[in-house]
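In this note's numbering, the protein residues as written are 3 to 241.
Yeah, the Cβ is synthetic: ideal placement off N, Cα and C, and Gly gets one too.
The next block holds one structure in the form of structure tokens; read it before the comments.
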């Protein structure tokens, strides 16, 4: 609980048997998280076994998808404040206090992985990836006249009920594009939000995403979505 508000943490869990137990333990250690929800995003038997050793509530899904799992987790809780984090140990549980400390003034608090002093050695957050995310963030900020953004793909974030209601209908992707859709919807719909630097230690899966083909495809999808959303927004305002 944080300032008399209930707090839930949503984890889109896959085959993360080596880390998910520690991730949940870190959340418990903060003493702020009232409910931990691990959502099935392709969980294997060993990972499920690790989840059952904790107090986390497991939510099964028939269809998988990173964005779908997060949306399912949000729908399954009645908490006042909802935190989204990774099952891989990518983020530090103690950084939850950073998100919560801004929750009184903002409806959404987005993490940023682009601040060099907080990037763990070997994380693979390369210069190119930081620059690309920063450029996309600035494009969103300029086109939608919003607060500054430097990272369009950070999972670690917090929302209250009001903030989520304002963006939920526009976060349609069941994949990783969901994260960027959320940012754009927040900027477009004038959600009160702030972006803050968080510690980042990429997992092996995250490091594999540093390959140029993945970055190129991701970049193209994000750019097209930003421009499409801006054009539709501009057109609707002029009508």
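- Taking C-beta atoms under 8 angstroms as the contact rule, residue 195 and residue 188 qualify, at a distance of about 5 angstroms.
- Contact check for residue 129 against residue 224 fails: the beta carbons are separated by 8 angstroms or more.
- Within a 10 Å sphere around the beta-carbon of residue 34 sit 16 or more other beta-carbons, which makes this residue buried.
- Taking all protein chains shown into account, residue 159 has 16 or more neighbouring C-beta atoms within 10 Å of its C-beta and is therefore buried.
- Note that the C-beta distance between residue 96 and residue 5 is not below 8 angstroms.
- Look at residue 136 here: in three-state DSSP terms it is helix.
- Burial state of residue 57 is exposed, judged by a 10 Å Cβ sphere holding fewer than 16 other Cβ atoms.
- Under a 10 Å Cβ-count criterion, residue 93 is classified as buried, with 16 or more other Cβ atoms of the shown protein chains found around its own Cβ.
- Leaving aside the five residues that flank residue 169 on each side, the residues in its chain whose CB is nearer than 7 angstroms to its CB run, in chain order, 184, 187, 188, 191, 193.
- The beta carbons of residue 82 and residue 8 sit about 5 angstroms from each other, so the pair counts as a contact at 8 angstroms.
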